[in-house]
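Please read the structure below before turning to the comments.
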Amino acid sequence: MSGDLERRYARVLRLYPKAYRRERGPELLATLLEASARPKRRELPALLLGALRAHAGSDRRTAGGTWVAASRVAALMVLVYAITTAPVRAGITLAYGLPHGWWLIEQSLPELVAAPVGLLALAAAVLGRHRIALGVTSVAFLVGLGTWLTDTALEAGFFRYLFAALLLLPAVRTAPPPVSGLLRYALSAPALLVAADRIGEDVVPAVAGIVGFGAFVAVWFVALFWAVVDERVTLAVGLFFLAEALLWPIVLAVFTAGGASGNLTGLAVTMALTALVPTVLLSVSAIAVRRQARL
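If you read the sequence shown in my numbering, its first letter stands for residue 89, the second for the next number, and so on.
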(Lines of atoms letter the chains of each structure in order from A; the text may use other names.)
(Lines give C-alpha, C1' and ligand atoms only; values in the text may rest on other atoms or scores of the structure.)
Protein backbone atom coordinates (compact mmCIF):
# COMPACT_ATOMS: atom_id res chain seq x y z
CA MET A 89 0.00 0.00 0.00
CA SER A 90 2.82 2.42 0.89
CA GLY A 91 4.40 1.84 -2.52
CA ASP A 92 1.16 2.73 -4.34
CA LEU A 93 0.71 5.76 -2.12
CA GLU A 94 4.24 6.96 -2.78
CA ARG A 95 3.77 6.61 -6.53
CA ARG A 96 0.51 8.61 -6.38
CA TYR A 97 2.13 11.45 -4.49
CA ALA A 98 5.19 11.29 -6.74
CA ARG A 99 2.98 11.76 -9.82
CA VAL A 100 1.41 14.85 -8.25
CA LEU A 101 4.80 16.25 -7.26
CA ARG A 102 5.97 16.02 -10.87
CA LEU A 103 3.78 19.08 -11.48
CA TYR A 104 6.27 21.13 -9.44
CA PRO A 105 9.33 22.75 -11.07
CA LYS A 106 12.44 20.54 -11.28
CA ALA A 107 14.49 22.84 -9.07
CA TYR A 108 11.75 22.80 -6.44
CA ARG A 109 11.57 18.98 -6.56
CA ARG A 110 15.34 18.65 -6.18
CA GLU A 111 15.41 20.97 -3.18
CA ARG A 112 12.22 20.07 -1.33
CA GLY A 113 10.68 17.08 -3.09
CA PRO A 114 11.97 14.27 -0.83
CA GLU A 115 11.09 16.20 2.33
CA LEU A 116 7.59 17.03 1.07
CA LEU A 117 6.98 13.44 -0.04
CA ALA A 118 8.11 12.07 3.32
CA THR A 119 5.83 14.50 5.16
CA LEU A 120 2.84 13.52 3.04
CA LEU A 121 3.47 9.80 3.50
CA GLU A 122 3.82 10.21 7.24
CA ALA A 123 0.67 12.31 7.58
CA SER A 124 -1.81 10.08 5.79
CA ALA A 125 -2.44 6.53 4.77
CA ARG A 126 -3.82 7.61 1.41
CA PRO A 127 -4.26 10.92 -0.45
CA LYS A 128 -7.14 12.90 0.97
CA ARG A 129 -9.49 14.81 -1.28
CA ARG A 130 -8.54 18.15 0.20
CA GLU A 131 -4.81 17.42 -0.17
CA LEU A 132 -4.85 17.13 -3.97
CA PRO A 133 -6.21 20.66 -4.62
CA ALA A 134 -3.70 22.00 -2.09
CA LEU A 135 -0.86 20.20 -3.85
CA LEU A 136 -1.99 21.46 -7.25
CA LEU A 137 -2.22 25.01 -5.90
CA GLY A 138 1.23 24.62 -4.40
CA ALA A 139 2.57 23.50 -7.78
CA LEU A 140 1.13 26.58 -9.47
CA ARG A 141 2.63 28.83 -6.79
CA ALA A 142 6.00 27.15 -7.19
CA HIS A 143 5.91 27.83 -10.93
CA ALA A 144 4.97 31.45 -10.15
CA GLY A 145 8.21 31.80 -8.21
CA SER A 146 8.90 31.28 -4.55
CA ASP A 147 11.08 34.39 -4.17
CA ARG A 148 10.10 36.89 -1.51
CA ARG A 149 8.34 39.89 -3.07
CA THR A 150 7.92 43.37 -1.62
CA ALA A 151 4.78 45.39 -2.25
CA GLY A 152 6.73 48.05 -4.14
CA GLY A 153 8.52 45.52 -6.31
CA THR A 154 5.25 43.79 -7.10
CA TRP A 155 3.61 47.04 -8.24
CA VAL A 156 6.60 47.98 -10.41
CA ALA A 157 6.75 44.52 -12.02
CA ALA A 158 2.99 44.43 -12.63
CA SER A 159 2.97 47.97 -14.04
CA ARG A 160 5.72 47.04 -16.51
CA VAL A 161 3.88 43.90 -17.65
CA ALA A 162 0.65 45.90 -17.95
CA ALA A 163 2.48 48.40 -20.17
CA LEU A 164 3.64 45.54 -22.38
CA MET A 165 0.07 44.23 -22.55
CA VAL A 166 -1.26 47.65 -23.57
CA LEU A 167 1.46 47.96 -26.21
CA VAL A 168 0.64 44.52 -27.63
CA TYR A 169 -3.04 45.42 -27.79
CA ALA A 170 -2.35 48.83 -29.37
CA ILE A 171 0.05 47.41 -31.95
CA THR A 172 -2.07 44.46 -33.06
CA THR A 173 -5.66 45.73 -33.07
CA ALA A 174 -5.63 47.89 -36.21
CA PRO A 175 -3.26 45.73 -38.33
CA VAL A 176 -5.30 42.60 -37.56
CA ARG A 177 -8.47 44.42 -38.58
CA ALA A 178 -6.83 45.66 -41.78
CA GLY A 179 -5.48 42.21 -42.59
CA ILE A 180 -8.85 40.53 -42.10
CA THR A 181 -10.56 43.26 -44.11
CA LEU A 182 -8.22 42.79 -47.06
CA ALA A 183 -8.20 38.99 -46.84
CA TYR A 184 -11.97 38.62 -46.77
CA GLY A 185 -12.86 41.59 -48.98
CA LEU A 186 -15.34 42.84 -46.39
CA PRO A 187 -17.91 45.49 -47.35
CA HIS A 188 -16.76 49.05 -46.62
CA GLY A 189 -13.30 47.56 -46.05
CA TRP A 190 -11.28 50.59 -47.07
CA TRP A 191 -13.46 52.80 -44.90
CA LEU A 192 -12.68 50.57 -41.90
CA ILE A 193 -8.98 50.75 -42.66
CA GLU A 194 -9.14 54.53 -42.99
CA GLN A 195 -10.85 54.77 -39.60
CA SER A 196 -7.90 52.93 -38.06
CA LEU A 197 -5.29 55.09 -39.81
CA PRO A 198 -3.88 56.73 -36.64
CA GLU A 199 -3.28 53.32 -35.08
CA LEU A 200 -1.82 51.88 -38.29
CA VAL A 201 0.62 54.77 -38.65
CA ALA A 202 1.68 54.54 -35.00
CA ALA A 203 2.00 50.73 -34.94
CA PRO A 204 5.58 50.48 -36.35
CA VAL A 205 6.80 52.99 -33.76
CA GLY A 206 4.88 51.10 -31.08
CA LEU A 207 6.62 47.89 -32.13
CA LEU A 208 10.00 49.53 -31.51
CA ALA A 209 8.77 50.65 -28.09
CA LEU A 210 7.65 47.11 -27.27
CA ALA A 211 11.04 45.70 -28.28
CA ALA A 212 12.85 48.25 -26.10
CA ALA A 213 10.61 47.46 -23.11
CA VAL A 214 11.08 43.71 -23.51
CA LEU A 215 14.87 44.22 -23.59
CA GLY A 216 14.68 46.26 -20.39
CA ARG A 217 15.50 49.60 -22.03
CA HIS A 218 12.70 51.34 -20.22
CA ARG A 219 13.82 54.94 -20.75
CA ILE A 220 14.08 54.33 -24.48
CA ALA A 221 10.75 52.49 -24.42
CA LEU A 222 9.11 55.43 -22.65
CA GLY A 223 10.44 57.89 -25.21
CA VAL A 224 9.49 55.77 -28.22
CA THR A 225 6.03 55.07 -26.78
CA SER A 226 5.51 58.81 -26.40
CA VAL A 227 6.56 59.28 -30.03
CA ALA A 228 4.04 56.61 -31.09
CA PHE A 229 1.31 58.53 -29.29
CA LEU A 230 2.33 61.80 -30.94
CA VAL A 231 2.40 60.14 -34.38
CA GLY A 232 -1.11 58.81 -33.85
CA LEU A 233 -2.27 62.15 -32.47
CA GLY A 234 -0.86 64.04 -35.44
CA THR A 235 -2.67 61.72 -37.85
CA TRP A 236 -5.90 61.92 -35.88
CA LEU A 237 -5.88 65.74 -35.80
CA THR A 238 -6.13 65.76 -39.59
CA ASP A 239 -9.56 64.14 -39.22
CA THR A 240 -11.00 63.82 -35.72
CA ALA A 241 -13.69 61.47 -37.03
CA LEU A 242 -11.04 58.73 -37.05
CA GLU A 243 -10.75 56.25 -34.19
CA ALA A 244 -8.81 57.29 -31.09
CA GLY A 245 -7.31 53.93 -30.09
CA PHE A 246 -3.81 55.41 -30.35
CA PHE A 247 -4.41 56.92 -26.88
CA ARG A 248 -3.39 53.49 -25.59
CA TYR A 249 0.21 54.55 -26.21
CA LEU A 250 -0.26 57.38 -23.72
CA PHE A 251 -1.50 54.92 -21.09
CA ALA A 252 1.39 52.56 -21.87
CA ALA A 253 3.84 55.42 -21.33
CA LEU A 254 2.28 56.18 -17.94
CA LEU A 255 2.53 52.51 -16.94
CA LEU A 256 6.22 52.48 -17.92
CA LEU A 257 7.09 55.36 -15.59
CA PRO A 258 7.57 53.20 -12.44
CA ALA A 259 10.00 50.96 -14.37
CA VAL A 260 12.01 54.04 -15.40
CA ARG A 261 12.28 55.28 -11.82
CA THR A 262 12.92 51.86 -10.23
CA ALA A 263 14.36 48.89 -12.08
CA PRO A 264 11.68 46.18 -11.94
CA PRO A 265 12.61 42.71 -10.71
CA PRO A 266 12.98 40.08 -13.44
CA VAL A 267 9.69 38.66 -14.67
CA SER A 268 9.47 35.15 -13.29
CA GLY A 269 7.06 32.27 -13.28
CA LEU A 270 3.75 32.44 -15.06
CA LEU A 271 3.71 36.26 -15.12
CA ARG A 272 5.59 36.13 -18.43
CA TYR A 273 2.54 34.56 -20.06
CA ALA A 274 0.28 37.51 -19.19
CA LEU A 275 0.98 38.95 -22.65
CA SER A 276 -1.22 36.21 -24.10
CA ALA A 277 -4.29 37.99 -22.66
CA PRO A 278 -4.34 40.97 -25.08
CA ALA A 279 -3.54 38.65 -27.99
CA LEU A 280 -6.57 36.52 -27.08
CA LEU A 281 -8.80 39.59 -26.79
CA VAL A 282 -7.66 40.99 -30.14
CA ALA A 283 -8.22 37.65 -31.87
CA ALA A 284 -11.67 37.19 -30.34
CA ASP A 285 -12.76 40.78 -30.97
CA ARG A 286 -11.53 41.25 -34.50
CA ILE A 287 -12.21 37.75 -35.80
CA GLY A 288 -15.62 37.75 -34.17
CA GLU A 289 -16.60 41.18 -35.47
CA ASP A 290 -15.12 40.94 -38.96
CA VAL A 291 -15.38 37.24 -39.83
CA VAL A 292 -18.39 35.91 -37.93
CA PRO A 293 -20.38 39.06 -37.05
CA ALA A 294 -23.48 37.03 -36.19
CA VAL A 295 -21.81 35.82 -32.99
CA ALA A 296 -19.30 38.66 -32.56
CA GLY A 297 -20.77 39.76 -29.25
CA ILE A 298 -20.68 36.25 -27.82
CA VAL A 299 -17.09 35.60 -28.93
CA GLY A 300 -15.75 38.93 -27.71
CA PHE A 301 -17.63 38.87 -24.41
CA GLY A 302 -16.65 35.25 -23.81
CA ALA A 303 -12.96 36.03 -24.22
CA PHE A 304 -13.32 39.10 -21.99
CA VAL A 305 -15.00 37.09 -19.21
CA ALA A 306 -12.44 34.27 -19.54
CA VAL A 307 -9.49 36.64 -19.10
CA TRP A 308 -11.21 38.39 -16.18
CA PHE A 309 -12.09 35.12 -14.42
CA VAL A 310 -8.63 33.59 -14.81
CA ALA A 311 -6.98 36.82 -13.61
CA LEU A 312 -9.29 36.97 -10.59
CA PHE A 313 -8.61 33.35 -9.64
CA TRP A 314 -4.87 33.85 -10.16
CA ALA A 315 -4.73 36.17 -7.16
CA VAL A 316 -4.34 33.06 -4.97
CA VAL A 317 -1.44 31.87 -7.16
CA ASP A 318 0.45 35.00 -8.23
CA GLU A 319 -1.00 38.39 -7.32
CA ARG A 320 1.24 40.09 -9.90
CA VAL A 321 -0.79 38.57 -12.73
CA THR A 322 -4.07 39.84 -11.28
CA LEU A 323 -2.57 43.28 -10.73
CA ALA A 324 -1.11 43.47 -14.26
CA VAL A 325 -4.38 42.43 -15.90
CA GLY A 326 -6.26 44.89 -13.68
CA LEU A 327 -3.99 47.74 -14.80
CA PHE A 328 -4.42 46.66 -18.42
CA PHE A 329 -8.21 46.76 -18.11
CA LEU A 330 -7.92 50.12 -16.32
CA ALA A 331 -6.17 51.53 -19.40
CA GLU A 332 -9.00 50.19 -21.56
CA ALA A 333 -11.56 51.71 -19.20
CA LEU A 334 -9.84 55.11 -19.41
CA LEU A 335 -10.10 54.96 -23.20
CA TRP A 336 -13.90 55.00 -23.11
CA PRO A 337 -14.31 58.58 -21.78
CA ILE A 338 -12.07 59.70 -24.66
CA VAL A 339 -14.23 57.77 -27.14
CA LEU A 340 -17.34 59.36 -25.64
CA ALA A 341 -15.81 62.85 -25.78
CA VAL A 342 -14.83 62.39 -29.43
CA PHE A 343 -18.27 60.95 -30.16
CA THR A 344 -20.12 63.93 -28.71
CA ALA A 345 -17.66 66.57 -29.97
CA GLY A 346 -18.27 65.36 -33.50
CA GLY A 347 -21.96 66.18 -33.12
CA ALA A 348 -22.98 62.51 -33.05
CA SER A 349 -26.31 61.73 -31.44
CA GLY A 350 -26.17 57.97 -31.20
CA ASN A 351 -26.82 55.75 -28.22
CA LEU A 352 -25.04 57.77 -25.56
CA THR A 353 -26.82 55.80 -22.84
CA GLY A 354 -25.38 52.59 -24.23
CA LEU A 355 -21.91 54.10 -24.23
CA ALA A 356 -22.35 55.25 -20.64
CA VAL A 357 -23.43 51.76 -19.56
CA THR A 358 -20.45 50.25 -21.38
CA MET A 359 -18.15 52.70 -19.60
CA ALA A 360 -19.59 51.73 -16.21
CA LEU A 361 -19.22 48.00 -16.86
CA THR A 362 -15.71 48.47 -18.25
CA ALA A 363 -14.71 50.39 -15.12
CA LEU A 364 -16.11 47.68 -12.83
CA VAL A 365 -13.70 45.01 -14.09
CA PRO A 366 -10.41 46.77 -13.17
CA THR A 367 -11.95 47.95 -9.91
CA VAL A 368 -12.56 44.36 -8.81
CA LEU A 369 -9.20 43.08 -10.04
CA LEU A 370 -7.19 45.93 -8.51
CA SER A 371 -9.03 45.64 -5.17
CA VAL A 372 -8.43 41.90 -4.93
CA SER A 373 -4.81 42.17 -6.04
CA ALA A 374 -4.10 44.99 -3.57
CA ILE A 375 -5.23 42.74 -0.72
CA ALA A 376 -3.13 39.87 -2.09
CA VAL A 377 -0.06 42.12 -2.47
CA ARG A 378 -0.25 43.22 1.18
CA ARG A 379 -0.69 39.62 2.31
CA GLN A 380 2.28 38.44 0.25
CA ALA A 381 4.48 41.26 1.55
CA ARG A 382 3.79 40.16 5.15
CA LEU A 383 4.89 36.56 4.51
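Here a beta-carbon is modelled for each residue, glycine too, at the ideal position from N, C-alpha and C.
For the pair residue 323 and residue 151, the CB atoms are not nearer than the 7 Å cut-off. When only Cα atoms are considered, residue 167 and residue 173 end up about 10 Å apart. The C-alpha of residue 176 lies about 18 Å from the C-alpha of residue 247.
Contact between the region 209-225 and the region 310-318 is not established, with fewer than three Cβ pairs separated by less than 8 Å. The beta carbon of residue 363 is closer than 6 Å to those of 333 in its chain, skipping five residues each way along the sequence. Where residue 315 is concerned, there is no enclosing alpha helix (DSSP H), because DSSP gives it neither an H nor an E. Residue 206: member of the alpha helix (DSSP H) spanning 197-214, first to last residue. With a threshold of 16 other beta carbon atoms within 10 Å, residue 299 meets it and is buried.
If you keep only unbroken beta strand (DSSP E) runs of at least 3 residues inside the region 243-290, you get nothing at all. By the CB criterion at 7 Å, residue 331 and residue 251 fall inside the cutoff. In the structure shown, residue 225 falls within a helical segment according to DSSP collapsed to helix, strand and coil. Distances from the CA of residue 259 to each of 141, 360, 327 and 217 were compared; the closest alpha carbon is that of 217. Per DSSP, reduced to three states, the secondary structure at residue 353 is helical. The beta carbon of residue 204 is closer than 6 Å to none in its chain, skipping five residues each way along the sequence. Looking at the backbone, the Cα of residue 162 and that of residue 156 are separated by about 10 Å.
Cα atoms of residue 329 and residue 223: separation of roughly 23 Å, rounded to the nearest angstrom. If you draw a straight line from the Cα of residue 255 to the Cα of residue 101, it is about 38 Å long. Judged by DSSP in its simplified three-state form, residue 337 adopts helix.
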